[in-house]
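Protein chains in written order, with my numbering: chain D, 1 to 337; chain A, 1001 to 1337.
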DNA sequence: TTCACAGAAGAAAACGTTTTACTTAATGTA
DNA sequence: TACATTAAGTAAAACGTTTTCTTCTGTGAA
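#1: By how many angstroms is the C-alpha of residue 50/D removed from the C-alpha of residue 1017/A?
#2: Could you tell me the boundaries of the alpha helix (DSSP H) in which residue 1079/A lies?
#3: Run down chain D in chain order and give the residues with a C-beta less than 7 Å from the C-beta of residue 1089/A.
#4: Using a Cβ-Cβ cutoff of 9 Å, what residues of the stretch 118-149 of chain D are near chain A? List them in chain order.
#5: For residue 1128/A, collect the residues of the same chain with a Cβ closer than 8 Å to its Cβ; drop the 5 residues on either side in sequence, then sort them by chain order.
#6: Answer with buried or exposed for residue 1106/A, where buried requires no fewer than 16 other C-beta atoms within 10 angstroms of its C-beta.
#7: Could you check the C-alpha separation between residue 153/D and residue 78/D for me, to the nearest Å?
#8: Quick one: Cα of residue 187/D to Cα of residue 254/D, how far?
#9: For residue 163/D, tell me which candidate among 247/D, 39/D and 263/D has the shortest Cα-Cα distance.
#10: When you measure from the CB of residue 191/D to every non-hydrogen atom of the ligand GDP, does any distance come out below 6 Å?
#11: Only counting the same chain, and skipping five residues up and downstream in sequence, which positions put a Cβ closer than 7 Å to that of residue 1028/A?
#12: Residue 1004/A CB to nearest chain D CB: under 7 Å?
#13: Would you say residue 188/D reaches chain A, if we count a Cβ-Cβ gap shorter than 7 Å as a contact?
#14: Determine the DSSP secondary structure at residue 1185/A, reduced to helix, strand or coil.
#15: Would you mind telling me which residues of chain A sit closer than 8 Å to residue 279/D, beta carbon to beta carbon, in chain order?
#16: By a C-beta neighbour count over all protein chains shown, 10 Å radius and 16 as the cutoff for buried, is residue 1055/A buried or exposed?
#17: DSSP has residue 160/D in a bridge; who is on the other side?
#18: Closer than 7 Å between beta carbons: that is the criterion. Which residues of the stretch 226-251 of chain D meet it against chain A?
#19: Please list the segments of the beta strand (DSSP E) lying wholly inside the stretch 185-245 of chain D, counting only runs of 3 or more residues, in order along the chain.
#20: Give the straight-line distance between the Cα atoms of residue 1297/A and residue 1063/A, rounded to the nearest whole angstrom.
#21: Can you pull the chain A neighbours of residue 98/D, defined as C-beta to C-beta under 7 Å?
#22: Could you pull out every residue in the same chain whose Cβ sits closer than 7 Å to the Cβ of residue 323/D, ignoring the five residues on either side in sequence?
#23: Closer than 8 Å, Cβ to any Cβ of chain D: which residues of the stretch 1028-1041 of chain A, in chain order?
#24: Using CA coordinates, which residue listed in 1225/A, 1313/A and 1214/A is at the minimum distance from residue 1239/A?
#25: Need the endpoints of the beta strand (DSSP E) that residue 1096/A sits in, please.
#26: Which of the three DSSP states, helix, strand or coil, is assigned to residue 1106/A?
#27: Counting contacts by CB-CB distance shorter than 7 Å, is residue 1054/A in contact with chain D?
#28: Cα separation between residue 1093/A and residue 1209/A?
#29: Determine the DSSP secondary structure at residue 122/D, reduced to helix, strand or coil.
#30: Here's a check: name, in chain order, each residue in its chain whose Cβ is nearer than 6 Å to the Cβ of residue 241/D, leaving out the five neighbours to either side.
#31: So what does residue 1290/A bridge to, in DSSP terms?
#32: Are there 16 or more other CB atoms within 10 angstroms of the CB of residue 290/D, so buried, or fewer, so exposed?
#33: If you follow the beta strand (DSSP E) that residue 1050/A is part of, which residue opens it and which one closes it?
#34: Let me confirm a value: residue 25/D is counted as buried when at least 16 other C-beta atoms fall within 10 Å, else exposed. Which label applies?
#35: Going residue by residue through the stretch 246-312 of chain D, where are the continuous alpha helix (DSSP H) segments of at least 4 residues, counting only ones entirely within it?
#36: Please confirm if residue 1048/A has its CB atom under 7 Å from at least one CB of chain D.
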């Protein structure tokens, strides 16, 4: 493999000159610059990242990690898109993306090995993490941004969904369509998003004068199976709600499946609205009305922000809150209030 | 950050001794081994991967890449699981996983930068790639294994699906259930799997004495939309086939969607069988009968094989062909032949 | 004519490891 | 007793860069 010395020799200049040309630093005459460049090309010279990293202490590798609670991010319809956005942005800036899928990292407070070995320059965390793990990262001063998650007393940046605005969107849409008896499919999950959404739903309903007696709660995991469970409990109530709000699309989809099995027609017998707008939402029967979170943008911004942090010497902490949009499909029907 | 010299000093030994202890090489007395180990722990010493890589020329980073034709592997229900298997195996062996999602690499014959910069020690490629790109990899002698893909004249290992066996499984099942008029939803795709599956289907049907007139072909992309298109064309034929074989589950799912829209009942009016067994297959209505490819195992084996190759000095080329299993759900109905 | 200065280039140290070759002490063998 | 062998440990070179000083040369100002 050709190294910087080979190039220098071939060009009849010193090693430092080649380095300066390649890195566009120092002052180099146009003529030697051209000559060296031509030779790097001819010899197909590429700087050895290890040698470089050793002296600069700068690394162009970013790692993505997610919480243990959820399934693999590759199969997760939310994180997979976040990842797509991250990847896109990172590649554009010449960075490499590492994936640390192993779930054990947040159990213990042990850092994944690529961190102490200094092979990774920054971290993007998705979903909820063990506070002890976060603490460890802070102590080690690993540049980190949190995506779709927020932690009270951390110095790390976060890119979040505006769950308050999104939940308001959902409720307003249901009310506008005449629904006054609402069932909530709420996720058994300490993820701040779930809480925030529920909180907003309840507050909003009460603001609009909906009585507590007309609000029905069903709990389950934030998965299709959980939605299945949650809606089952709700259907026991009399009178039945005319519409359901789910903590996320996965639950909504499970609920639709349950309702179909029980021969309820959606939306004729009961309306339902989701949250997230995962890909599957447009393919359910009926297509799911939901609140869209722009997941790719979320990833893109997270990556962008991390690279900024890496550049700055003393970055300000900052929270980015992304707005949502209502995607009206066919799972909500207008009823007479 | 504490380095090997700090440890050596603290332990009152030379740097080389520490290195030997940490790497378990050379001969070291039990007492100093213990002492040094204790100190590495106390000082929280972790070898700098750059310094190490610089001298050993060994890297514990593996990159995963996939072809441009398919959507992001994160959202792809097949590759996402392959990736899961890869990740699992890699982490177990202390390797890091890089993701090179950018599609431009196989367009040109330029190598992704992490290769010439020697930051990555091996490659796992999923799906079909530009031969020029493969050639380039061979010239650069990048240790590589191909997953779910095979190339005629390459020296690279591959982990493949036994499409012949799988397609036979599907056809035999349809025949056993009395179907004699078969429609094929064929993917417009040069991926070897698609060809192999179709080829086997046709040969098998002819072996069983099914007339050409009873075989109907519909083409489309290997996506739900493609399945939609393909089945539409097939339904124009009279007499209608009683069963459909799809090139993959995505097409089968699209077909089911189309049939539902046209008020056909599956499997009462028409049966359908898929290939791959993606997650969604168990959630269609009716749940899809299909041929399962063990995607996680595929990834795991690919990773395992790559690590072996990295170890051996002069590895034999080898193709691994994974068998499939039939997953009988509810989309195929028994009919009188 | 002298001096200061800027531009261009190079020498050498530093980065943190591994590894080879070497030294020393201890042990066993003839 | 002398000699070979082995175990335990060390010194120093090497890996391929970047970067900090220097040096040198030419140019314009005083």
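We put the CB at the ideal spot given by N, CA and C, even for glycine. Since the model is a prediction, treat every value here as computed from it, not as a measurement.
Judging by the given coordinates:
#1: Your numbering for residue 1017/A matches position 17 in the second chain. Your numbering for residue 50/D matches position 50 in the first chain. Using only the alpha carbons, I get a separation of about 23 Å.
#2: For the purposes of this step, residue 1079/A is taken as the residue at position 79 of the second chain. Where residue 1079/A is concerned, the enclosing alpha helix (DSSP H) stretches over 1079-1092.
#3: Reading the second chain from its first residue, position 89 is the one you call residue 1089/A. Those within 7 Å of residue 1089/A in chain D number zero; the least Cβ separation is about 11 Å.
#4: Flagged, chain order: 118, 119 and 120.
#5: Residue mapping note: residue 1128/A aligns to position 128 of the second chain, counting from 1. The residues are 1067, 1069, 1149, 1190, 1191 and 1192.
#6: Against the second chain, residue 1106/A aligns to sequence position 106. Residue confidence is low: residue 1106/A scores 49 on pLDDT, short of 50, so the model does not pin down where it sits. No coordinate-derived value is stated.
#7: Taking the first chain and counting its residues from 1, the one referred to as residue 153/D is at position 153. Taking the first chain and counting its residues from 1, the one referred to as residue 78/D is at position 78. Near 25 Å, if we compare the C-alpha coordinates of residue 78/D and residue 153/D.
#8: Numbered from 1 along the first chain, position 187 holds the residue referred to as residue 187/D. Numbered from 1 along the first chain, position 254 holds the residue referred to as residue 254/D. Residue 187/D and residue 254/D have their C-alpha atoms roughly 12 Å apart.
#9: Here residue 163/D is taken as the residue at index 163 of the first chain, counted from 1. When only C-alpha atoms are compared, the closest one is 247/D.
#10: Among the components of this structure there are no ligands whatsoever, and the ligand GDP is therefore not found.
#11: On the second chain, residue 1028/A is found 28 positions in, with the first residue counted as 1. Counting only Cβ-Cβ distances below 7 Å, and skipping sequence neighbours, we find 1017, 1020 and 1021.
#12: Start at 1 with the first residue of the second chain, and residue 1004/A comes out as number 4. No, residue 1004/A does not count as interfacial toward chain D.
#13: Residue numbering aside, residue 188/D sits at position 188 when the first chain is read from its first letter. Not closer than 7 Å to any Cβ of chain A, the Cβ of residue 188/D fails to qualify, so no.
#14: Reading the second chain from its first residue, position 185 is the one you call residue 1185/A. Of the three classes helix, strand and coil, the one that applies to residue 1185/A here is strand, per DSSP.
#15: For the purposes of this step, residue 279/D is taken as residue 279 along the first chain, with counting starting at 1. Around residue 279/D, the beta-carbon contacts reaching into chain A at under 8 Å are 1075.
#16: Taking the first residue of the second chain as 1, we reach residue 1055/A at position 55. Exposed, by the Cβ-count rule.
#17: Mapped onto the first chain, residue 160/D falls at position 160. Bridge partners of residue 160/D: 321/D.
#18: none
#19: 215-220
#20: As a first step, residue 1297/A is located in the second chain; it is residue number 297 there, counting from the start. As a first step, residue 1063/A is located in the second chain; it is residue number 63 there, counting from the start. Taken atom to atom, the span from the alpha-carbon of residue 1297/A to that of residue 1063/A is near 18 Å.
#21: Numbered from its first residue, the first chain carries residue 98/D at position 98. Those are 1096, 1097 and 1098, listed as they occur along chain A.
#22: In the first chain, counting from the first residue as 1, residue 323/D sits at position 323. Only 162 and 165 meet the Cβ criterion.
#23: none
#24: As a position in the second chain, residue 1239/A is number 239, starting the count at 1. Cα-wise, what sits closest to residue 1239/A is 1214/A.
#25: For the purposes of this step, residue 1096/A is taken as the residue at position 96 of the second chain. Element bounds for residue 1096/A: 1096-1100.
#26: Taking the first residue of the second chain as position 1, residue 1106/A is located at position 106. Reliability of the predicted coordinates at residue 1106/A is poor, the pLDDT of 49 falling under 50, and no value is obtained from them.
#27: One-based indexing of the second chain puts residue 1054/A at position 54. Yes, contact with chain D.
#28: Here residue 1093/A is taken as the residue at index 93 of the second chain, counted from 1. Here residue 1209/A is taken as the residue at index 209 of the second chain, counted from 1. Distance between the alpha carbons of residue 1093/A and residue 1209/A: 51 Å.
#29: Along the first chain, read from residue 1 onward, the residue named residue 122/D stands at position 122. Of the three classes helix, strand and coil, the one that applies to residue 122/D here is strand, per DSSP.
#30: Residue mapping note: residue 241/D aligns to position 241 of the first chain, counting from 1. So the list reads 181, 182, 183 and 216, once near-sequence residues are dropped.
#31: For the purposes of this step, residue 1290/A is taken as residue 290 along the second chain, with counting starting at 1. Residue pairing from DSSP places residue 1290/A in a beta bridge opposite 1327/A.
#32: As a position in the first chain, residue 290/D is number 290, starting the count at 1. Residue 290/D should be labelled buried.
#33: For the purposes of this step, residue 1050/A is identified with residue 50 of the second chain, where counting begins at 1. Per DSSP, residue 1050/A lies in no beta strand (DSSP E); the unbroken alpha helix (DSSP H) holding it starts and ends at 1049-1056.
#34: Here residue 25/D refers to the residue found at position 25 when the first chain is read from its first residue. By the neighbour-count rule (16 or more Cβ atoms within 10 Å), residue 25/D is not buried but exposed.
#35: Restricted to the stretch 246-312 of chain D, the alpha helix (DSSP H) segments that are unbroken, complete and at least 4 residues in length are 249-261 and 295-311, listed in chain order.
#36: Counting from 1 along the second chain, the entry for residue 1048/A is found at position 48. For residue 1048/A, the answer is yes, since a Cβ of chain D falls inside 7 Å of its Cβ.
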